[in-house]
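Down below is the structure, laid out as structure tokens.
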Amino acid sequence: MIENPEPRKIPLVFFRTPAGSEPVLEWLRQLPQEERHAIGTDLLRAQWRWPIGMPLCRPMGNGLWEVRTDLPTKRTARVLICLHEQRLVALHGFIKKTRATPVDD
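The opening position of the sequence shown corresponds to residue 75 in the working numbering, with each subsequent residue numbered one higher.
As structure tokens, this is what we get:
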């Protein structure tokens, strides 16, 4: 009989520029508390359930994933992440304003 392994939370880190800034963390801090909470909850779900697919995470190709959050303010947020050295790395966050994810994001 094979036992189910204990769930394991994958650490999440924020990308840090050579100058020491963390753009996703700075973006999150500018959002209203209820939006930060919703995004944080979805990032935590991704950490505990990784690898996870739709509707929470969508593969973007080349190891890039999009964490999709519908905010209580009727807006939509996206955080782009990748898995690097057994950690999820938050690379970029933005409020989605169009149907398709902009190429620049």
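The beta carbon of each residue, even a glycine, is placed where N, CA and C say it ideally should be.
Query: Closer than 6 Å by C-beta to ARG161: which residues in its own chain qualify, once you throw out the five before and the five after it? Chain order, please.; Result: PRO85, VAL87
Query: Between the Cα of PRO125 and those of PRO97, ARG110, VAL141, ILE169, spot the shortest distance and give me the residue it belongs to.; Result: VAL141
Query: Alpha carbon to alpha carbon, what distance is there between THR143 and HIS111?; Result: 11 Å
Query: Determine the direct distance from the alpha carbon of ARG123 to that of LYS83, and round the result to whole angstroms.; Result: 8 Å
Query: Are the beta-carbon atoms of ARG103 and GLU96 separated by less than 7 Å?; Result: no
Query: Pull the bridge partners of VAL163 from the DSSP assignment, please.; Result: VAL87, CYS156
Query: Tell me which residue opens and which closes the beta strand (DSSP E) that THR143 is part of.; Result: 138–144
Query: In whole angstroms, what separates the C-alpha of VAL98 from that of HIS166?; Result: 5 Å
Query: Applying the criterion that 16 or more other CB atoms from any shown protein chain within 10 Å of the CB defines a buried residue, is GLU93 buried or exposed?; Result: Per the sequence shown, the amino acid found at residue 93 is Ala instead of Glu. Label assigned to ALA93: exposed.
Query: Tell me, which residues are paired with LYS170 by DSSP?; Result: THR150
Query: To the nearest angstrom, report how far apart MET134 and MET128 are at their CA atoms.; Result: 12 Å
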